[in-house]
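Q: Below is a structure I'd like to ask you about.
There are 2 protein chains.
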Amino acid sequence: MRAARLVIAMIRLYTYFRSSAAFRVRIALNYKQIQYQPIPVHLVRGGGEQYSASFGERNPAHLVPVLEDGALTLTQSLAIIEYLEETHPTPALLPGDPAARATVRALALSIACDIHPLNNVRVLRYLKAPFGIDEERRTTWSRHWIAVGFAALEQQLTRSGTAGHCCYGDAPTLADCCLIPQVFNAQRVDCPLEPFPTIRRIYDHCMRLEAFARAAPAAQSDAE
Amino acid sequence: MRAARLVIAMIRLYTYFRSSAAFRVRIALNYKQIQYQPIPVHLVRGGGEQYSASFGERNPAHLVPVLEDGALTLTQSLAIIEYLEETHPTPALLPGDPAARATVRALALSIACDIHPLNNVRVLRYLKAPFGIDEERRTTWSRHWIAVGFAALEQQLTRSGTAGHCCYGDAPTLADCCLIPQVFNAQRVDCPLEPFPTIRRIYDHCMRLEAFARAAPAAQSDAE
Numbered sequence: 001m002r003a004a005r006l007v008i009a010m011i012r013l014y015t016y017f018r019s020s021a022a023f024r025v026r027i028a029l030n031y032k033q034i035q036y037q038p039i040p041v042h043l044v045r046g047g048g049e050q051y052s053a054s055f056g057e058r059n060p061a062h063l064v065p066v067l068e069d070g071a072l073t074l075t076q077s078l079a080i081i082e083y084l085e086e087t088h089p090t091p092a093l094l095p096g097d098p099a100a101r102a103t104v105r106a107l108a109l110s111i112a113c114d115i116h117p118l119n120n121v122r123v124l125r126y127l128k129a130p131f132g133i134d135e136e137r138r139t140t141w142s143r144h145w146i147a148v149g150f151a152a153l154e155q156q157l158t159r160s161g162t163a164g165h166c167c168y169g170d171a172p173t174l175a176d177c178c179l180i181p182q183v184f185n186a187q188r189v190d191c192p193l194e195p196f197p198t199i200r201r202i203y204d205h206c207m208r209l210e211a212f213a214r215a216a217p218a219a220q221s222d223a224e
Numbered sequence: 225m226r227a228a229r230l231v232i233a234m235i236r237l238y239t240y241f242r243s244s245a246a247f248r249v250r251i252a253l254n255y256k257q258i259q260y261q262p263i264p265v266h267l268v269r270g271g272g273e274q275y276s277a278s279f280g281e282r283n284p285a286h287l288v289p290v291l292e293d294g295a296l297t298l299t300q301s302l303a304i305i306e307y308l309e310e311t312h313p314t315p316a317l318l319p320g321d322p323a324a325r326a327t328v329r330a331l332a333l334s335i336a337c338d339i340h341p342l343n344n345v346r347v348l349r350y351l352k353a354p355f356g357i358d359e360e361r362r363t364t365w366s367r368h369w370i371a372v373g374f375a376a377l378e379q380q381l382t383r384s385g386t387a388g389h390c391c392y393g394d395a396p397t398l399a400d401c402c403l404i405p406q407v408f409n410a411q412r413v414d415c416p417l418e419p420f421p422t423i424r425r426i427y428d429h430c431m432r433l434e435a436f437a438r439a440a441p442a443a444q445s446d447a448e
């Protein structure tokens, strides 16, 4: 006789396996052991399911991730993770001290603002048409912004002396939630990572953690 | 007989009058009535003072703003404002409730991640060379991303029913710190703002507030 298990997932995550912004939130949910129901949104098929009217109702910006917690609808990966941090504080993804929190947030934002937006699907589409930039030059563009951003990040991680196994100390923070998906993107466009030994070391460590491994693109139900 | 006033500005802000990321932090500092010493960094002259070795010591990413609080050096405008919020909580730039905080942060991030990075000086430079995109098409690119981002933002502001005189309620928040500088940028590239009545209304209101007016590009000592 088996006991029936009733799982009510109050949290739903609109996600795409390859979206690095969705990947960040999946890491945070796993790390905090928050049960959630993933709802795949295919960003490429048929011009992109994110442009459907029903998804536009959830997020007028037509971007994943979107997190629904009961009747609440939240957008923007970093705002979602800060919300999870405030509503599920343990284990923490931000340190306690304001200066340390600012350092972690700055590392996260240097990826979320200075690298990732330039290599988004919609931006690469605009470069293709109307700008007529061919695939090889678009890939060079992607690699360029990753290399510029990672060069600054590598310096920040080594100089501050605060990096341990992870970006800040030995436990994952918001910064690692952003860094690991960005390394995945770097690998997709064959951006050389040799100049960034600290980033590579942190990546190798985090990917051995279950919360990160289970959030990876290939581990998602909508992976291709 | 006048009493001598000794002002020790412990906080220094590396800023450029036209940088909208620096503008965000200037608003927050003014709103919280935090005295600071502005240190101008010319982003254009001589290829950009942000690329000097001494500035690179402060921020390896060679971007403004940088805030120094005593021996502490902070980068990334949103991380700096969250730090100011935690160290100078009154008047608040974030509401108290986690859901409301997430809403405000998402509005701010939709500007800081989805609009602003695409129209940065260094990105427009890359479009010019090596991509060879002429000025007219670069301006069309800038207007495009502002219009796409503002269209989503306008919907979010009107649909949520939470906008008042400002993006969230009647008092300024982190969202307004980001929105007002982005409207300045929109005006610089002649992006039509007629389709965005809520954004225009909030802009008009905020620019009547001293904290915003005093943070505007034309009010800076390095304005041209």
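Chain order of the listed sequences is G and F.
Under this note's numbering, the first sequence has 178 at position 178, and the numbering climbs by one with no breaks.
Under this note's numbering, the second sequence has 430 at position 206, and the numbering climbs by one with no breaks.
From the three backbone atoms N, C-alpha and C, an ideal C-beta is built for every residue, glycine too.
All values derive from a computational prediction rather than experimental measurement.
Nearest by alpha-carbon distance to F/Gly280: which of G/Ala108, G/Gln155 and G/His165 is it?
A: It is G/Gln155.
Q: Mind listing, in chain order, the continuous beta strand (DSSP E) runs of no fewer than 3 residues lying wholly within the segment 13 to 59 of chain G?
A: Complete beta strand (DSSP E) runs here, min 3: 37 to 40.
Q: Would you kindly work out how many angstroms separate the C-alpha atoms of F/Lys209 and F/Thr314, rounded to a whole number?
A: Lying before the first or after the last residue shown, residue 209 of chain F is absent from chain F, which here runs from 225 to 448.
Q: Could you please give the first and the last residue of the uninterrupted alpha helix (DSSP H) stretch that includes F/Thr461?
A: Here chain F has residues from 225 to 448 only, and residue 461 of chain F is not among them.
Q: Does G/Pro172 get closer than 8 angstroms to chain F when you measure Cβ to Cβ?
A: No, no contact with chain F.
Q: How would you label G/Arg105, buried or exposed, when you count the other beta carbons within 10 angstroms and need 16 or more for buried?
A: Result: buried.
Q: Have a look at G/His116 and F/Pro441 and give me their C-alpha separation to the nearest angstrom.
A: In a straight line, the C-alpha of G/His116 is about 28 angstroms away from that of F/Pro441.
Q: So, at 6 angstroms on beta carbons, what are the nonlocal neighbours of F/Leu253 in its own chain, with the 5 sequence-adjacent residues on each side left out?
A: Tyr260, listed in sequence order.
Q: Please report the distance separating the alpha-carbon of F/Arg282 from that of F/Leu267.
A: Going by the C-alpha atoms only, they are around 15 angstroms apart.
Q: Pull up the distance between the alpha-carbon of G/Arg18 and that of G/Arg159, whole angstroms please.
A: Answer to the nearest angstrom: the Cα atoms are 31 angstroms apart.
Q: Output the distance between the C-alpha atoms of F/Asp414 and F/Arg367, rounded to the nearest integer angstrom.
A: About 8 angstroms.
Q: Any Cβ of chain F within less than 8 angstroms of the Cβ of G/Pro195?
A: No - not a single Cβ of chain F is within 8 angstroms of the one on G/Pro195.
Q: Comparing C-alpha positions only, which one of G/Tyr168, G/Leu174 and G/Arg26 sits nearest to G/Ala213?
A: Nearest option by C-alpha distance: G/Arg26.
Q: Against F/Glu306, what residues of chain G qualify as contacts under a CB-to-CB distance less than 8 angstroms, listed in chain order?
A: In chain order: Arg101, Ala102 and Arg105.
Q: Among F/Leu302, F/Leu433 and F/Gly294, which one has its Cα closest to the Cα of F/Val390?
A: Reading the sequence as shown, one finds Cys at residue 390 of chain F and not Val. Nearest of F/Leu302, F/Leu433 and F/Gly294 to F/Cys390, Cα basis: F/Leu433.
Q: Determine, for F/Ala435, whether the minimum Cβ-Cβ distance to residues of chain G falls below 8 angstroms.
A: For F/Ala435, the answer is no, since every Cβ of chain G falls outside 8 angstroms of its Cβ.
Q: Following the continuous beta strand (DSSP E) through F/Val290, name the residue where it begins and the one where it ends.
A: Counting along the chain, the beta strand (DSSP E) containing F/Val290 begins and ends at Val290 to Asp293.
Q: Under a CB-based cut-off of 8 angstroms, is F/Cys337 close to chain G?
A: At least one chain G Cβ lies under 8 angstroms of F/Cys337.
Q: Restricting to Cα atoms, I'd like to know which of G/Ser52, G/Ala21, G/Leu74 and G/Ala61 is closest to G/Arg12.
A: If we check each option's Cα against that of G/Arg12, G/Leu74 comes out closest.
Q: Starting from the C-beta of F/Thr239, find all residues in its chain whose C-beta is less than 8 angstroms away, skip the five residues before and the five after it, and write them out in chain order.
A: Here the set comprises Ala246, Val249, Arg250, Pro262, Ile263, Pro264, Val265, Val288, Pro289, Gln444 and Asp446.
Q: Given that a residue counts as buried once 16 or more other Cβ atoms are within 10 Å of its Cβ, and exposed if not, what is G/Ala71?
A: Exposed is the call here.
Q: Once the 5 residues before and after G/Ser110 are set aside, which same chain residues still bring their CB inside 8 angstroms of it?
A: Here the set comprises Gly149, Ala152, Leu153 and Gln156.
Q: Looking at chain F, is there any beta carbon in it that lies within less than 8 angstroms of the beta carbon of G/Ala22?
A: No, G/Ala22 does not count as interfacial toward chain F.
Q: From the DSSP output, in three-state form, read off G/Leu118 for me.
A: Correct three-state label for G/Leu118: helix.
Q: Name the DSSP beta bridge partners of F/Ala235, please?
A: At residue 235 of chain F the sequence reads Ile, which differs from the Ala that was named. BP columns for F/Ile235 point to F/Asp293.
Q: Helix or strand or just coil, what does DSSP make of F/Gly393?
A: Looking at F/Gly393 - three-state DSSP - the assignment turns out to be strand.
Q: For my contact list, G/Cys206 and G/Ala112 are in at a C-beta cut-off of 8 angstroms; report their separation, rounded to the angstrom.
A: In fact, because the Cβ distance is near 17 angstroms, the residues do not count as touching under 8 angstroms.
Q: With 8 angstroms as the threshold, decide whether the Cβ of G/Met1 is near any Cβ in chain F.
A: Residue placement at G/Met1 is flagged as unreliable, the pLDDT there being 42, under the threshold of 50; a coordinate-derived value is accordingly withheld.
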